Each structure stands twice: as C-alpha cells, then as structure tokens.
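Residue numbers (the numbering used here), protein chains in the order written: chain A, 26 to 683; chain B, 26 to 683.
Just so it is clear, CB atoms sit at the ideal spot from N, CA and C, and this is done for glycine as well.
Since the model is a prediction, treat every value here as computed from it, not as a measurement.
Notes to accompany the following structure.
Protein chains: 2
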Amino acid sequence: MTKARVVIEDLTPQVDCGRFPARRVLGEAVVVEADVFADGHDAVAAYVLYRHESEAQWHAMPMSFIGNDRWQGRLTAQMLGRYLFTVEAWVDHLESWRRGLAKKHAAAQDIEIDLQQGAALALAHAGRMAEPDARRLREWAKALADPVREREERALLAQSDELHALARRSPDPQLIERREPPLAIAIDRERARFSSWYEMFPRSAAARPGEHGTLADVEALLPYVASMGFDVLYLPPIHPIGEIERKGPNNRTGAAPDDPGSPWGIGGREGGHKAVHPRLGTLADFHRLLASAGALGIEVALDIAFQCAPDHPYVREHPEWFLKRPDGTVQYAENPPKKYQDIYPFWFECPAWQALWDELKSVFEFWIAQGVRIFRVDNPHTKPFAFWEWVIGEIHRAHPEVIFLAEAFTRPKVMYRLAKLGFSQSYNYFPWRNSKREIVDYFTELTSRPVCEFFRPNLWPNTPDILTEYLQFGGRPAFVTRLILAATLAGSYGIYGPAFELMDNRPRESGSEEYLDSEKYQVRAWNRDDPASLKDLITRVNRIRRENPALRSDATLTFHPLDNEALIAYSKTSGEDAVLVVANVDPHHAQTGWMDLDLAALGLPADVPYQVDDLLSGARFLWRGARNYVALDPWGTAAHVFRIRRKVRTERDFDYFL
Amino acid sequence: MTKARVVIEDLTPQVDCGRFPARRVLGEAVVVEADVFADGHDAVAAYVLYRHESEAQWHAMPMSFIGNDRWQGRLTAQMLGRYLFTVEAWVDHLESWRRGLAKKHAAAQDIEIDLQQGAALALAHAGRMAEPDARRLREWAKALADPVREREERALLAQSDELHALARRSPDPQLIERREPPLAIAIDRERARFSSWYEMFPRSAAARPGEHGTLADVEALLPYVASMGFDVLYLPPIHPIGEIERKGPNNRTGAAPDDPGSPWGIGGREGGHKAVHPRLGTLADFHRLLASAGALGIEVALDIAFQCAPDHPYVREHPEWFLKRPDGTVQYAENPPKKYQDIYPFWFECPAWQALWDELKSVFEFWIAQGVRIFRVDNPHTKPFAFWEWVIGEIHRAHPEVIFLAEAFTRPKVMYRLAKLGFSQSYNYFPWRNSKREIVDYFTELTSRPVCEFFRPNLWPNTPDILTEYLQFGGRPAFVTRLILAATLAGSYGIYGPAFELMDNRPRESGSEEYLDSEKYQVRAWNRDDPASLKDLITRVNRIRRENPALRSDATLTFHPLDNEALIAYSKTSGEDAVLVVANVDPHHAQTGWMDLDLAALGLPADVPYQVDDLLSGARFLWRGARNYVALDPWGTAAHVFRIRRKVRTERDFDYFL
C-alpha cells in the first residue's frame with residue numbers, strides 16, 4: 026500500500042501518453058492542468074514541478090482548483106529547448122483540519138479536541154522542517170492547545186494563512202504522489218508559430234526579362250518583399266541541377282541545352298546539396314543575401330530536398346546509399362505507374378545507413394554554419410519517421426532556434442506524426458478547404474486537442490505545385506479571400522509569388538493544378554509593378570497581423586454562427602486584443618447574412634455596445650449584442666477584418682456623471 | 026535506428042494510457058483499432074495479438090484497413106478475467122510490390138525487372154519459413170523469374186492471393202513493430218452490463234403489517250419480484266445492528282427500545298459483517314433464500330458497508346483499526362459541521378492496515394462462500410482508491426464472475442476512478458438529470474470515449490436515500506417516465522421498492538430528498554396489491570428489455586433531434602434489433618413535436634417505408650423518412666418504446682411480381 030491517497034489523472038499538455046513533447050513558443054505561458062483528488066472529503070494540495078532539460082533542480086509552482094476536481098498551474102519558459110514537467114500532490118490534513126474547524130466553530134460546536142488535533146498536526150510539520158521555521162510551528166502548536174488562551178483567539182490562530190503557507194512547504198513525504206515519468210514541452214522561438222512567408226524562384230529574379238536571375242538579383246528584390254511585410258523569404262533549392270534526364274518546360278522530357286531544369290533535381294558536376302548553382306552565384310553572394318535580408322527583418326529559408334539527380338556526386342561517390350534494381354541500375358523514384366527517372370531516392374535502410382544519415386545531417390549543419398535557421402523540408406513523408414526524429418533532435422540539441430517546415434500534404438496521421446517528431450510547422454489541406462463547412466471542420470480539428478498541442482499549420486493559398494481550381498476560376502476575389510483567410514486563420518502563412526500577387530491563374534492544362542509555364546522548369550519574367558497587383562492589400566494584411574497580437578497564435582480561434590453558408594465568421598483574441606474576421610467564400614456573388622456572435626469568446630458583455638473597426642477598409646460600426654448583419658461583395662468588400670473595441674465610452678465615463 | 030518503418034498510434038480501447046483495463050462482457054466482440062502507417066507509399070500489414078492472462082501463447086487476428094490510416098480487428102473473449110492485447114505491424118514489401126506490379130502491368134509497362142524483384146522477395150520469405158511452405162515460395166519465385174514463361178502468366182501468378190497469404194505469415198522480423206506494453210481488457214459476465222435490480226428491505230417483508238420481516242418473508246416475496254421480471258434482488262445490510270447511539274424513526278437521535286435502527290449501523294452483540302441479524306433469521310435462512318431466488322432466475326446482491334456501529338465486535342477486538350481522538354475516544358464519522366456518532370469509520374491508513382485490509386477482504390470472501398456473487402458497495406468513495414484496486418483485484422483473481430456496484434454519487438472524476446479500479450457498475454447522476462438537455466448531455470458523456478470504455482451506469486429513479494423533487498411533485502407520470510428512461514437509457518437499472526411501484530412520494534420534510542417514515546429507520550407495511558401499483562408496467566418494461574438485444578448495452582445510444590424541449594428521442598441497436606424511445610419528460614402537460622430521425626443510426630434507408638411497433642401500447646405506425654410527428658400525454662401515453670421493423674413487404678416481395 027501507499028499512504029498517498031491522492032490521485033493525479035489526465036495531466037496536460039500531453040501528446041500520445043508522453044511519447045512526444047507538446048510544443049509552445051518562448052514567452053508563452055504554459056498552462057498545466059491535471060485532475061487531482063482523493064477519496065473522502067479531505068483537502069488536497071497540488072504543485073507543478075518543472076525544469077529545463079539543462080537544469081538539475083525542479084521549480085515548483087502551486088496549482089489552483091478550477092472546478093470538477095481539475096487543478097491548473099502555469100509555467101513560463103525562459104529558454105528554448107525542452108522542459109520537463111510533472112505534478113506533485115498530496116492529501117493536506119492540515120488544510121482539511123482548518124476547514125472542518127472553521128465550520129464547527131461557525132456552528133458553535135465544541136472545538137477543544139479539534140484544536141488539540143491541529144496542534145499535533147502542526148508539530149508533525151515542525152518535525153520535518155529546519156529552524157527557525159520549525160520553532161514557529163512548535164509555538165503555533167503550543168498556542169493552539171493552550172487551555173489558558175481564549176477559545177476565540179485560538180480559533181482565529183488556527184486559520185492563520187501565514188502559518189498554513191509555512192506548513193504547506195513540508196508535507197509528509199509518505200503522502201506525496203508524483204506523476205512519473207515527467208512529460209516534456211518543446212519551446213521554440215516565436216517565429217515557429219507566427220511567420221509570414223514569401224516564396225520566390227531566384228531564377229526569375231533578374232531585372233531584365235529573359236535573363237537567368239541570381240542571388241544578387243534576389244538581394245535587389247528584398248525591399249519589395251520587405252515592403253509587403255514578409256519576414257521569411259523561402260527559396261527553392263539553390264544547388265546545382267542534374268543534366269541527366271533533366272526536364273524541359275512544363276515538365277517535358279528531353280530538355281533543350283539551355284533549359285534550366287527543376288531545382289529539385291539536385292546535384293551535378295558543380296556539386297550537390299552543399300553547393301550553390303553557378304548561375305545563381307556563389308556562397309559569398311548567399312552570405313550577402315542573408316545579411317541584407319537580416320537588415321530588413323527577413324530570414325531566408327532554404328529548401329532541403331533529400332534526393333538526387335542521377336549525376337549528383339553522391340551517386341558516384343556513395344553507390345551504397347542507393348538501392349539497385351536486379352539489372353544493376355539505380356532504383357529511381359516511382360509511384361506506379363508513374364516513374365521519375367530524373368530522381369534517385371536515398372536508400373535510408375541501406376547497410377551503410379549510419380554514414381548516410383550523418384551526411385544528411387551535415388547538410389543541415391552546413392547551411393546552419395552559413396547562417397540559415399529556417400528549413401522547408403521537401404516531401405518528409407517519403408523518408409523514415411525515425412530519421413526525422415533523430416536528425417531534428419540532433420540539430421535542435423545544438424540549435425534549438427532552428428525552424429523546420431514540413432512539406433507534407435499527405436494523410437492527416439502522417440502530417441501529425443511528422444509534427445510530433447519535431448517539425449515546427451507544416452503544410453496542410455488549406456489549399457483544398459474552400460467552402461465554409463470545410464474550413465470550419467478542418468480548423469476546428471487543427472485548433473482542438475490533441476492536434477493543437479503539437480501541430481502548427483502554415484497556410485499557403487498557392488505553391489509552385491498547387492494552383493487550385495478555386496484560384497483558377499475565382500478571379501481576383503478568390504485571391505483576395507484566400508489571402509485574408511490564410512493570413513488570419515493561422516499564425517503562419519505564405520504565398521508563392523509573384524504568381525500570387527500578380528494573380529497568375531493559368532493551369533498547364535484543364536483539370537491540372539500545375540501552373541502553365543511553371544518556374545519549376547523555366548525562367549519567368551514578372552511585372553512586379555503591375556497596377557492590378559495585390560501587393561498593397563498584402564502589405565495591409567501583414568501590417569494587421571503584426572499589430573494585432575490576437576493573430577499571432579491559433580489557440581483562441583472561434584467560429585461564430587452565421588446563417589449563410591457562403592459567409593464565414595471567426596475570431597481570435599489575445600488579452601485585450603480581439604479580431605473578428607467575416608469573409609465571403611463565394612467569389613462570384615454578393616452575400617448577406619446574420620451573425621450570432623459568441624460574445625463570451627470575444628470578451629464582450631451581453632448588454633454593452635461595442636465598436637468594430639474594419640482594419641482593411643477603415644469603416645467603423647457600432648454594434649450591440651450577438652446578432653449583427655453583414656453584407657459582403659466579392660468585387661467590393663470581400664471580407665471584414667474587425668478589431669473589436671470592447672470599451673465604448675458612455676455618459677457614465679464623465680467624472681461629473683454622478 | 027530500427028528498420029521497422031511502420032508506426033502504431035492510438036491503440037484502442039485504451040484507458041489512461043493503459044494504466045487501467047477497458048471493460049467488456051463475455052461474448053461481446055472486442056473491436057481493436059489503431060492507426061498504422063509508414064512513410065511513403067509502401068503497403069503495411071497489421072495484426073491484433075491477444076491472450077487471456079492465463080494463456081502463454083498469443084493469438085493473432087489480421088486487421089483490416091477502415092480508412093484514414095486506421096485499422097480494425099476483433100477478438101472475442103471466451104473467458105472471464107483479463108485479456109492482454111496489442112498490435113503488431115510491418116511494412117509489407119511483398120504487398121507493395123504486388124500493387125505496383127499490377128498498376129505497371131495495367132499500364133502496359135515492362136515488368137521483367139519487377140518480376141525479378143518479386144522473386145527475390147519471395148525467396149527472402151521462403152528463407153524464414155519451414156518446409157513444405159518454404160518450397161512453395163521457392164517454386165513461386167522460380168516461376169516469377171522464369172523468362173521462358175509467358176509474361177501474362179507470370180503477371181497473374183504475381184497476384185496469387187494464396188501465395189501472398191502464405192508469405193504474409195513470415196514477415197521480416199527486423200521490420201516488425203509491436204506496441205509495448207500490451208493493453209488490458211477486463212471481461213465480465215453479461216450481467217455486469219445488463220441487469221434489472223429490485224431493492225427491498227427484509228424488515229418490511231412480513232406478511233402481517235407491523236411485524237418485523239425475515240429472510241423467510243423475503244423468500245415468500247420472490248415470486249412477486251420475479252413476476253415483474255427483475256434478475257437482481259438487492260438487500261440492504263442484513264447484519265446485526267448496533268445499539269449505541271442507534272437512530273430512531275426519521276433519523277431521530279435516541280431510539281426507543283423497539284426501534285430497529287439503521288441496517289447501515291453494522292455490528293452489535295450478535296456479531297458484525299459476517300453475521301445475520303437474528304430478527305432476520307439465520308445463515309441457513311439466507312442459503313434457502315439464495316436457492317429459491319436462483320430457481321427463479323434471480324441473484325441476491327448484498328450490501329457491503331465498511332463501517333461499524335460503536336458496539337461492533339471489531340471496535341473491541343481491534344481498536345488499532347480505528348483512529349483515536351486526543352481524548353482517547355474513537356473518531357466517529359464527520360462531515361463538518363455534521364457528526365455521525367453512531368458510525369465509526371475504519372482507519373485505512375493505520376499501522377495495522379494490512380491486517381485490516383485482509384479482514385475486509387475476508388468479508389467479501391465469506392459471502393462469496395455463501396453463494397453471493399453481486400455486491401453493492403456502500404460509499405466506496407470514502408475509502409482509499411488503493412484499497413479498492415487491491416481488494417477487487419484479489420477477489421476477481423479467484424472469482425472473475427463477481428459483480429461490484431459502486432454506490433458513489435460523488436464527483437464525476439471520483440465515480441470514474443472507482444470504475445477504472447474495478448467496479449463493474451456504478452450509481453450516477455441519473456436521479457437528478459430530468460430535463461431533456463440534462464439527459465442528452467449526461468448520457469452523451471457516459472456513452473462516449475473515454476467514459477464508455479470503463480464506466481457502466483446503473484440507473485435508479487429512486488433509492489432509500491433519494492426521493493427526487495421530480496418524483497415528489499410529478500405524480501404518477503413522473504414515476505412512469507423515470508421508469509421507462511431508466512430501463513431503456515442504460516443496460517442496468519434498478520428501483521427501490523415497493524416505494525417505487527406504489528409511488529411513495531412523501532418526503533420527510535419540504536426540501537428534503539429523504540423519505541418520510543423511511544425504512545432505513547423503521548419497519549414499513551406495504552400493500553403490494555394496490556390496484557394503482559405500477560407493477561404491470563414494470564413487468565412489461567422488463568419483458569421489453571429481455572426481448573430486445575438492443576437494450577442490453579449502451580454503446581449504440583443515439584439521441585435524435587426533436588423540436589420540443591419536453592420530448593426526448595433516442596435509440597439503441599443490436600444487429601437487426603433497433604429500439605426507439607420517445608418520452609415526454611414534462612409530467613404535467615401533453616406535448617407534441619417533430620422528430621428528425623438519424624436514419625443511418627437506425628439502419629434505415631432513406632427511401633423505404635418502415636413500421637414502428639409501440640411495445641408498450643401495441644400501437645403500430647407506418648413511417649417513411651426521418652421526419653415524424655409525435656404526441657405524448659403524461660396521463661395517457663407518456664412514452665413510446667418502438668421496435669423498428671426495418672423490412673416492410675411490398676408488391677416486389679411477391680414471387681409473381683416480375
């Protein structure tokens with residue numbers, strides 16, 4: 026038997042019974058909860074214990090009762106990396122005694138024996154304490170049991186908050202229950218949760234149409250990117266591109282001599298994953314790009330695609346890292362009946378796997394050494410989960426500030442597993458969630474437990490691989506709405522530009538989501554000064570994101586009922602800041618409807634008027650109560666992004682009102 | 026690194042990360058599910074492994090893919106007690122190869138190299154198998170790679186279900202992932218889930234009014250209980266009752282010499298927890314009662330209340346089992362400012378706890394030796410959880426057929442903990458859930474995960490301690506409705522009679538839930554032949570329960586939308602059997618409304634008419650589609666209990682239709 030009669034259940038945050046850490050960001054309060062209770066009527070006490078993995082000592086924070094046997098405590102992470110936490114609790118006999126005594130005394134019952142019981146309990150606590158605290162408790166015990174003192178005085182003394190707080194520091198160790206093993210929380214920097222990405226192909230960055238762009242050209246475009254308010258510039262692979270089986274424009278087989286090929290066909294005569302494509306420039310150019318970007322508040326994210334073109338140096342130098350077919354040739358990538366002869370996958374399970382894994386890790390380390398701290402990982406779902414857990418764990422041990430974005434659009438369980446293994450952010454099904462019902466269902470799943478504990482979505486309305494039907498056929502309103510949804514539904518979002526802001530919506534062929542004349546296979550020229558560009562809207566949206574803390578995280582996302590299936594309403598809050606978005610997801614027709622706002626979710630009382638300021642248009646409305654009318658025209662105002670102003674002054678605010 | 030690239034997540038049923046077993050009953054199919062997936066496109070295979078704790082060998086059952094990376098298997102428990110189960114899975118290269126080959130062949134691609142790859146895989150499997158199976162796979166491999174054979178023939182041979190099934194029995198051990206440690210399922214007998222209880226005080230069983238009833242009188246009433254269709258007869262404690270501080274009628278202090286006292290004030294001169302009260306009879310009378318009950322299909326459930334009257338022999342013989350106050354007296358039960366001087370709680374944490382716990386266990390064992398297999402445990406929430414886990418575990422090891430009903434009306438977390446620890450059934454908040462919203466919310470919680478995995482509610486409209494306001498003020502309709510709700514919302518229910526069937530609704534005082542002149546403190550005389558008695562209705566309801574498998578479990582409980590807040594509709598199904606209950610929870614007014622039946626939950630197609638037979642009234646209705654009208658009058662038909670007849674014959678059923 027254990028004397029510890031207290032029970033600790035359902036400790037949260039918890040992912041897969043503690044197999045994986047929950048994820049939070051630096052500075053964010055981590056709310057820890059547990060069911061803590063004992064048999065009978067006895068009082069219990071509960072503490073959160075926590076420490077950074079680099080610390081030896083546990084910190085203790087008292088928990089508070091929040092109802093239905095649930096207790097809550099908070100810890101604020103001060104360092105990046107892993108924290109361990111658990112809950113310790115015990116039956117608190119002294120507290121039970123205090124409560125019982127108060128009730129008996131209030132009922133005018135005899136409490137003489139109770140006072141003696143309390144004195145014995147106080148003495149027991151004293152026996153577990155050092156001087157001078159022990160002496161204070163001994164004196165308390167003596168006073169409680171002293172028949173010379175007035176009963177009233179002793180009843181009051183029994184309730185001393187100060188002495189109870191002192192005694193609570195020395196519970197009977199036999200009564201203590203601790204949840205073992207502790208759980209883990211991974212603390213990332215804030216950009217893991219709140220980031221605005223802009224993807225561009227350096228090959229198309231040249232100032233002069235038709236020329237192959239360079240990293241220097243990208244550097245020249247940084248002010249353009251910065252002016253729109255992005256803080257991550259993501260470049261597709263910048264490495265040498267293979268020539269064997271190189272693809273021509275629009276993914277045609279048989280490239281012409283001057284066709285640049287796909288940046289994901291990595292490796293050639295000029296090097297592999299640690300080299301810069303000669304037509305883009307040099308490592309020195311890359312360093313300059315990083316420095317200039319940093320000066321504008323932009324981080325450069327590199328693409329990590331662990332695969333090789335047939336002429337990648339690895340294929341020659343390490344044939345043992347590639348699976349052979351019975352005819353002795355290297356097994357190229359396949360998804361039967363599709364064949365990708367230009368791509369050799371690594372054989373992650375090969376006998377020489379350890380050397381292979383080490384080499385792949387060194388690719389991250391190489392670019393970290395150049396100053397890169399954000400990686401967009403290509404197709405992580407086609408490499409073993411065990412590899413990702415190992416390599417991200419290794420990188421994070423030395424560099425907890427590194428952010429990994431998983432390019433997985435695969436099945437939900439696979440996406441979630443990658444997030445549990447350590448990916449900081451993930452692509453997801455957002456591109457294909459266009460109707461109200463789809464959006465409500467999907468984002469409810471993403472922001473509910475357990476998913477919200479470990480998975481951070483990064484929303485992309487388009488990518489070089491994904492030009493959705495919605496964008497193909499929705500015209501400008503589709504781009505506007507999808508931008509606003511992406512930027513406000515999740516803390517992280519991104520666009521593939523300039524295709525997005527210039528509203529390129531031509532597919533390679535009907536029914537395809539591939540772009541016509543995709544930059545994946547050729548150089549494109551873009552008129553970034555096109556007056557139709559969405560860049561001003563993007564600039565405004567990114568400013569709204571920066572200025573409203575509510576939009577920096579997804580935990581408070583709440584959908585509000587609205588009686589029109591083409592209109593969607595949702596809000597996020599952070600402290601005093603509350604943002605309400607109302608959008609028309611029908612790009613073709615004006616829509617009107619009545620909302621039933623969840624006022625509690627917005628922190629609004631039911632009976633007080635409040636002002637809503639449309640941060641997009643500048644329009645202001647004075648509302649009162651839950652029921653409000655909205656009208657949205659895709660070619661006029663396609664969406665409202667309201668900041669709720671909770672306090673509206675009334676006559677009572679004048680100091681001469683009374 | 027592990028070569029096992031497969032992942033097993035979210036294995037169910039699972040309670041508190043495997044800390045506790047899920048509960049099922051004998052003969053019930055146990056559905057085991059898990060997310061099973063690997064990186065990339067490879068096929069995976071998954072098996073449920075299971076064994077009874079008494080078995081050394083695992084049984085293996087293949088799992089099927091049911092969508093979204095979830096796999097499902099079934100095991101049928103053949104024995105009472107604990108089963109262990111887990112899931113084993115692996116990347117199935119042979120299956121991946123088969124699928125790829127089929128697609129390539131369908132696309133008219135060259136498959137020569139693929140056939141050779143398959144032959145190599147088949148040989149690898151052969152190497153892990155015994156003869157003659159190994160030889161069959163070697164021959165298969167040879168044929169696949171044989172260039173003399175027709176390509177078409179080999180493509181067909183590659184798809185052989187029989188050979189694939191053979192090969193699947195010998196996966197590469199290096200690729201196998203197994204979820205460790207296994208989880209547990211506790212298998213109870215069916216009565217743990219489906220039981221109809223009747224509680225009666227033997228003291229009031231005498232044929233002649235005013236006399237103190239005996240066990241022989243109870244025996245004489247067995248036909249009455251059996252005729253109503255109950256299968257459990259629960260008797261409050263039958264032990265000697267203490268005389269010190271004995272309570273008089275209506276819980277008055279200071280009992281008169283002839284007052285019988287409370288049966289829960291256990292122990293006196295005549296003995297304690299292992300003795301029969303002399304006024305009730307002898308152990309031999311009890312044996313006769315058990316035998317007669319058994320002949321009528323009734324089990325007798327005894328009350329186990331681990332507490333003592335001050336004159337219980339334990340108090341004298343084992344003073345070390347009771348906590349002393351500073352003045353040397355025994356600490357009586359308290360819930361400040363209330364004092365229960367007639368009850369001494371055991372000191373479960375006393376230094377001699379081991380002897381105390383063993384003695385309490387022996388109380389169960391004593392009554393098991395007399396033939397009792399069902400115990401209703403009084404106030405388990407005031408004894409340590411560790412005690413219950415230990416004592417129920419010990420009893421179940423020798424007697425897995427024993428059923429424990431927890432009398433805990435306490436906080437939800439406490440009730441659930443007791444169920445996790447081993448209680449087969451539990452009292453719950455049903456008495457106080459009277460409105461539609463309350464019922465829908467509470468029973469949705471009870472029949473959803475995680476609660477439904479371990480907690481089985483037993484619904485009591487009344488108990489000797491609980492005469493709800495709803496019954497006090499609702500008249501006969503309240504009794505009718507609560508009976509039907511109790512009997513159909515849960516597999517187990519019970520009534521405290523004859524107070525229930527005779528509709529005793531007089532409280533001790535206004536605002537109290539105690540009965541006036543409660544049998545807890547005095548002998549009562551009942552007119553069981555009162556023409557107003559609900560016994561015929563009870564008889565019919567219990568027959569409906571027996572005849573409809575749908576009502577034997579709670580897993581399929583589904584509430585159906587109904588546009589009147591006083592009308593509630595819900596259904597349960599089991600195979601072909603589907604029962605739909607519609608009840609008026611307003612005991613004062615007739616109510617009408619429109620239902621929107623969830624036809625899928627009822628197993629009904631949308632476009633076919635179906636018949637609903639009211640098993641209470643015999644009325645029949647022909648319905649079609651989801652939308653149906655109901656009208657219920659509390660003084661006429663207060664509720665429908667429909668059996669859905671899914672098949673209604675049409676002209677097409679005549680053999681000369683075509």
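Distance CB(residue i)-CB(residue j) smaller than 9 Å
i                     : j                     : result
residue 263 (chain A) : residue 227 (chain A) : yes
residue 300 (chain B) : residue 265 (chain B) : yes
residue 531 (chain B) : residue 540 (chain B) : yes
residue 294 (chain A) : residue 268 (chain A) : yes
residue 94 (chain B)  : residue 474 (chain A) : no
residue 626 (chain B) : residue 567 (chain B) : no
residue 85 (chain B)  : residue 113 (chain B) : yes
residue 200 (chain B) : residue 29 (chain B)  : yes
residue 548 (chain A) : residue 237 (chain A) : yes
Backbone secondary structure at residue i - three-state DSSP
i                     : result
residue 122 (chain B) : helix
residue 665 (chain B) : strand
residue 581 (chain B) : coil
residue 312 (chain B) : helix
residue 498 (chain A) : helix
residue 95 (chain B)  : strand
residue 468 (chain B) : helix
residue 302 (chain B) : coil
residue 368 (chain A) : coil
residue 136 (chain B) : coil
residue 195 (chain B) : coil
residue 749 (chain A) : Since the first and last residues shown for chain A are 26 and 683, residue 749 (chain A) lies out of range.
residue 435 (chain B) : coil
CA-to-CA distance, residue j to residue i, given in whole angstroms
i                     : j                     : result
residue 615 (chain B) : residue 255 (chain B) : 31 Å
residue 503 (chain B) : residue 110 (chain A) : 51 Å
residue 218 (chain B) : residue 404 (chain B) : 21 Å
residue 619 (chain A) : residue 589 (chain A) : 8 Å
residue 91 (chain A)  : residue 628 (chain A) : 19 Å
residue 195 (chain A) : residue 327 (chain B) : 43 Å
residue 63 (chain B)  : residue 565 (chain B) : 55 Å
Per-residue contacts from residue i into chain B (C-beta, under 7 Å)
i                     : result
residue 132 (chain A) : 362
residue 407 (chain A) : 64, 65
Chain-ordered chain B contacts of residue i [CB-CB under 9 Å]
i                     : result
residue 436 (chain A) : 62, 93, 94
residue 636 (chain A) : Simply none; closest approach about 35 Å.
Neighbour list for residue i in chain A, Cβ cutoff strictly below 7 Å
i                    : result
residue 97 (chain B) : In chain order: nothing, as chain A lies at least about 15 Å away.
Within chain A, the residues that residue i reaches when beta carbons sit closer than 9 Å
i                     : result
residue 366 (chain B) : Within chain A, no residue comes near residue 366 (chain B); the closest Cβ sits about 12 Å away, beyond 9 Å.
residue 145 (chain B) : 351
Partners in chain B for residue i, counting only beta-carbon separations shorter than 8 Å
i                     : result
residue 42 (chain A)  : 42, 43
residue 171 (chain A) : Correct list: empty, because the minimum Cβ distance to chain B is about 14 Å.
residue 142 (chain A) : 350, 351
Does the segment 516-523 of chain B come within contact of the segment 573-580 of chain B, defined as at least 3 CB pairs closer than 8 Å? yes
When the Cβ atoms of the segment 632-646 of chain B are set against those of the segment 519-534 of chain B, are three or more pairs found closer than 8 Å? By the C-beta criterion, the segment 632-646 of chain B is judged not to be in contact with the segment 519-534 of chain B, since fewer than 3 inter-stretch pairs fall below 8 Å.
I'd like to know if the segment 34-46 of chain A and the segment 418-430 of chain B are in contact, where contact means that at least 3 CB-CB pairs between them fall below 8 Å. no
Do the segment 353-373 of chain B and the segment 387-401 of chain B touch if we need at least three Cβ pairs shorter than 8 Å? no
With three or more beta-carbon pairs closer than 8 Å as the criterion, would you say the segment 479-494 of chain B touches the segment 443-452 of chain B? yes
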